[in-house]
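Reviewing the structure listed below.
Protein chains: 2
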Amino acid sequence: MRVRLEDVARAAGVSPKTVSRVLNDEANVRGPTREKVLAAMAAMDYRPHLPARSLASNRSFLIATLYDNPSSNYLAEIQAGVLEACDLHHYSMMVRPLQVQSDDFVERVDRLILHHHPDGMVLTPPITDHAGLLQRLRERRVPYACVSPIERDGRIGVFIDEPEAARRIVAHLVALGHRRIAHVIGHPAHGASQWRLSGYRRALDDAGLPRDPGLEVEGDFSFGAGVAAARRLFSLPRGQGPTAVFAANDDMAAGVIWAAGEHGLAVPRDVSVCGFDDTPIARQIWPTLTTIHQPSREMGRIAALQLLDSLRRRGAGAMVQAPFSLQLRESTGPAAA
Amino acid sequence: MRVRLEDVARAAGVSPKTVSRVLNDEANVRGPTREKVLAAMAAMDYRPHLPARSLASNRSFLIATLYDNPSSNYLAEIQAGVLEACDLHHYSMMVRPLQVQSDDFVERVDRLILHHHPDGMVLTPPITDHAGLLQRLRERRVPYACVSPIERDGRIGVFIDEPEAARRIVAHLVALGHRRIAHVIGHPAHGASQWRLSGYRRALDDAGLPRDPGLEVEGDFSFGAGVAAARRLFSLPRGQGPTAVFAANDDMAAGVIWAAGEHGLAVPRDVSVCGFDDTPIARQIWPTLTTIHQPSREMGRIAALQLLDSLRRRGAGAMVQAPFSLQLRESTGPAAA
DNA sequence: CGGCAAATTGACAGCGCTGTCACACCAAGG
DNA sequence: CCTTGGTGTGACAGCGCTGTCAATTTGCCG
């Protein structure tokens with residue numbers, strides 16, 4: 001039969017309530033008493049019964065991870081990170097795919113809250129900045145942590161210095177001698193798109209290169225958008241087209257490389273291409289893609305840890321900056337002479 | 001305040017136990033009584049309290065999905081399907097990434113069971129056929145459904161006719177005039193590898209083509225393995241090399257296409273390539289990949305539904321066959337004259 | 001119409017844990 | 001020496017629901 005808290009209490013020679021105190025890491029338990037209880041727990045391999053804890057304490061020990069993101073690799077990583085943090089604190093995690101665009105988006109989340117009563121949520125882009133949802137979460141008093149939100153003030157979660165990362169990768173192209181560098185912009189609803197664009201512009205400014213509106217093309221983070229954008233860029237008159245393209249993510253960069261093939265351009269001989277995110281596709285295309293590595297798994301972990309912190313003590317938790325790194329691969333090379 | 005079962009009972013003029021019966025869809029409730037209760041539930045927007053149900057009934061209303069699979073796209077689809085089915089039955093789902101190879105694999109699952117007490121599990125390849133785990137699940141009396149297991153007898157879950165799918169895609173190559181068709185085999189631990197190999201052989205036999213052991217190359221489902229295998233194939237003496245390659249999954253097919261570029265071979269002009277699974281990469285490489293479409297999301301849904309069925313009534317649930325389809329794209333073409 | 005079995009409904013306890021509050025104990029201060 | 005106030009511990013009820021079993025109603029038969 002199952003080992004219950006009461007059994008541990010008997011073995012340790014204390015009351016059930018004291019065992020409960022130790023279990024919940026509460027104050028006002030004397031050192032030796034705590035030791036005794038912990039020893040008994042370990043000896044009996046005691047596992048608290050989640051539903052009973054939930055029922056009695058009105059907590060669920062559940063974190064919900066919300067997403068609406070086509071990139072399954074990114075999500076798998078974030079998810080794995082959140083899961084690690086949850087395991088550490090004996091929480092469970094549930095995932096929920098959503099469509100931000102749908103009319104009943106907020107309603108759906110509301111139903112999720114009513115049904116599962118998660119103690120907190122981890123929000124991923126672009127859900128991080130949905131005003132209606134954030135409002136509702138505050139009303140329902142559901143704490144949340146954000147991964148790469150647009151608005152960071154007063155939030156907890158994790159982010160990387162995206163403008164700086166974008167600046168760095170474009171500076172790399174500049175260092176290779178490129179002067180006409182194009183940018184394929186991301187989806188307008190994602191903050192990342194603006195940050196990456198601003199980093200791109202900053203790098204041009206730093207190098208004293210002119211900004212050319214014709215070299216800033218709209219995209220939406222999809223492979224197809226990369227193809228479409230590149231077709232326009234590669235059709236520009238000779239001398240006006242780019243010798244290098246910085247796409248706002250890897251999928252679009254892959255699209256750019258595809259379109260280059262279509263136009264008879266060799267990468268990186270005729271045109272250099274780089275992306276952002278370092279998803280698996282970056283190593284699965286030919287040539288392999290120079291990109292920015294974002295520690296997604298670690299970021300998921302950090303976001304969840306901040307959330308769990310804030311759950312433990314109201315007001316705790318912070319907005320943490322994670323490091324990025326430049327992955328140099330085969331898709332970038334010196335500008336043609 | 002929260003609407004409780006007791007509140008519904010009062011509103012409907014029956015005892016709490018009767019409401020509970022209706023909630024759990026039990027027999028022996030008269031039609032009109034049931035109606036009254038359902039009406040009251042709807043009017044009050046009643047949501048049962050999961051932890052309380054769990055505590056009282058010793059069920060968790062939780063399905064765990066176990067995986068150890070590098071393909072995040074495949075998993076994301078399966079996961080979404082399982083989630084759909086769970087939502088339908090008011091169950092929740094948890095996911096758990098694992099490493100089959102690690103020493104404590106079974107132990108980890110055991111801890112998961114002890115901690116969360118899932119009512120059932122959905123197993124994905126290659127976890128579907130881990131003898132030690134299955135043994136443990138039986139001991140712990142945790143029901144499970146399998147997605148594409150090697151051994152189907154006495155199991156519930158979902159599968160597609162993989163040998164037939166492989167045969168069909170190879171027959172497509174034969175119809176295009178190819179006579180020297182190579183196969184890059186999948187990971188030995190996955191049943192899929194054997195089935196796809198057998199379908200490949202069957203197609204050759206059907207067409208009266210000889211089997212050439214030199215054209216059956218080992219792989220492991222990874223992009224790199226596809227590259228390595230293709231390098232060997234493309235280095236064969238003129239006249240012994242393949243004019244078409246059937247890789248056991250899309251990632252390896254992408255690797256083969258990469259290696260073709262390396263060797264100066266144009267796809268599909270010099271060599272045709274096809275894959276299996278229809279993951280997003282199939283549309284993200286150039287040329288786009290001819291492959292077998294597997295309805296992963298639907299399969300996740302079916303597996304979960306079978307599991308939930310068997311939970312409801314012991315002995316229910318079946319091993320269901322799902323349909324596949326051939327996706328003709330740009331990577332296959334007529335054999336060179 | 002009585003009598004019996006089956007169908008339907010309800011009373012009650014209790015699942016395993018924690019919140020509340022009362023009590024016991026101790027050190028410091030008068 | 002007794003008070004005071006803080007600290008550590010325990011008794012007890014109850015979280016919202018379901019299992020058990022008893023009570024009641026219904027349907028059916030002779």
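So the sequences go chain by chain: R and L.
The opening residue of the first sequence carries number 1 in full-length UniProt numbering; numbering runs sequentially from there.
The opening residue of the second sequence carries number 1 in full-length UniProt numbering; numbering runs sequentially from there.
The beta-carbon is built from N, C-alpha and C at its ideal position, and this holds for glycine as well.
Can you tell me whether residue i is helix, strand or coil according to DSSP?
{"i": "residue 66/R", "result": "strand"}
{"i": "residue 294/R", "result": "coil"}
{"i": "residue 110/L", "result": "helix"}
{"i": "residue 262/R", "result": "helix"}
{"i": "residue 247/L", "result": "strand"}
{"i": "residue 216/R", "result": "strand"}
{"i": "residue 145/R", "result": "strand"}
{"i": "residue 82/R", "result": "helix"}
{"i": "residue 224/R", "result": "helix"}
{"i": "residue 326/R", "result": "strand"}
{"i": "residue 194/R", "result": "helix"}
{"i": "residue 3/R", "result": "coil"}
{"i": "residue 101/R", "result": "coil"}
{"i": "residue 57/R", "result": "helix"}
{"i": "residue 96/L", "result": "strand"}
{"i": "residue 159/R", "result": "strand"}
{"i": "residue 205/R", "result": "helix"}
{"i": "residue 302/L", "result": "helix"}
{"i": "residue 240/L", "result": "coil"}
By Cβ distance, which residues of its chain are closer than 7 Å to residue i, with the 5 residues on each side in sequence left out?
{"i": "residue 185/L", "result": "193, 197, 216, 217, 218, 219, 248"}
{"i": "residue 54/L", "result": "60, 61"}
{"i": "residue 86/R", "result": "63, 92, 93, 304"}
{"i": "residue 106/L", "result": "132, 133, 136"}
What do you reckon, are the CB atoms on residue i and residue j nearer than 8 Å?
{"i": "residue 274/R", "j": "residue 288/R", "result": "no"}
{"i": "residue 245/L", "j": "residue 203/L", "result": "no"}
{"i": "residue 149/L", "j": "residue 155/L", "result": "yes"}
{"i": "residue 72/L", "j": "residue 303/R", "result": "no"}
{"i": "residue 9/L", "j": "residue 16/L", "result": "yes"}
{"i": "residue 268/L", "j": "residue 226/L", "result": "no"}
{"i": "residue 122/L", "j": "residue 170/L", "result": "no"}
{"i": "residue 259/L", "j": "residue 230/L", "result": "yes"}
{"i": "residue 236/L", "j": "residue 261/L", "result": "no"}
{"i": "residue 221/L", "j": "residue 187/L", "result": "yes"}
{"i": "residue 342/R", "j": "residue 331/R", "result": "For residue 342/R there is no data in the structure shown, the boundaries of chain R being 1 and 337."}
{"i": "residue 110/R", "j": "residue 321/R", "result": "no"}
{"i": "residue 19/R", "j": "residue 45/R", "result": "no"}
{"i": "residue 238/L", "j": "residue 84/L", "result": "no"}
To the nearest angstrom, report how far apart residue i and residue j are at their CA atoms.
{"i": "residue 135/L", "j": "residue 125/L", "result": "17 Å"}
{"i": "residue 142/L", "j": "residue 178/L", "result": "49 Å"}
{"i": "residue 328/R", "j": "residue 278/R", "result": "11 Å"}
{"i": "residue 48/R", "j": "residue 114/R", "result": "24 Å"}
{"i": "residue 251/L", "j": "residue 100/R", "result": "30 Å"}
{"i": "residue 13/R", "j": "residue 58/L", "result": "28 Å"}
{"i": "residue 138/R", "j": "residue 297/R", "result": "27 Å"}
{"i": "residue 209/R", "j": "residue 299/R", "result": "34 Å"}
{"i": "residue 97/L", "j": "residue 80/R", "result": "7 Å"}
{"i": "residue 146/L", "j": "residue 183/R", "result": "45 Å"}
{"i": "residue 5/L", "j": "residue 32/L", "result": "19 Å"}
{"i": "residue 207/R", "j": "residue 181/R", "result": "12 Å"}
{"i": "residue 232/L", "j": "residue 240/L", "result": "12 Å"}
{"i": "residue 24/R", "j": "residue 172/R", "result": "51 Å"}
Which same chain residues, not among the five before or five after residue i, have their C-beta less than 6 Å away from its C-beta?
{"i": "residue 317/L", "result": "156, 306, 309, 310"}
{"i": "residue 199/L", "result": "163, 166, 167"}
{"i": "residue 190/R", "result": "125, 126"}
{"i": "residue 255/R", "result": "223, 226, 227"}
{"i": "residue 263/R", "result": "234"}
{"i": "residue 41/L", "result": "8"}
Note down, in chain order, each residue of its chain lying with its Cβ closer than 8 Å to the Cβ of residue i, except the 5 sequence neighbours on either side.
{"i": "residue 325/R", "result": "292, 293"}
{"i": "residue 94/L", "result": "62, 63, 64, 65, 116, 118"}
{"i": "residue 69/L", "result": "75, 124, 125, 126"}
{"i": "residue 335/L", "result": "176, 177, 178, 179, 243, 244, 272"}
{"i": "residue 201/L", "result": "211"}
{"i": "residue 38/L", "result": "22"}
Mind checking whether the beta-carbon of residue i lies closer than 7 Å to any heavy atom of the ligand GTP?
{"i": "residue 316/R", "result": "The model on display carries no ligand, and the ligand GTP is accordingly not part of it."}
Threshold first: 4 residues or longer. Then list the alpha helix (DSSP H) segments lying entirely within the stretch 117 to 141 of chain L, N to C.
If we require 4 residues or more, the alpha helix (DSSP H) runs fully inside the stretch 117 to 141 of chain L come out as 131 to 139.
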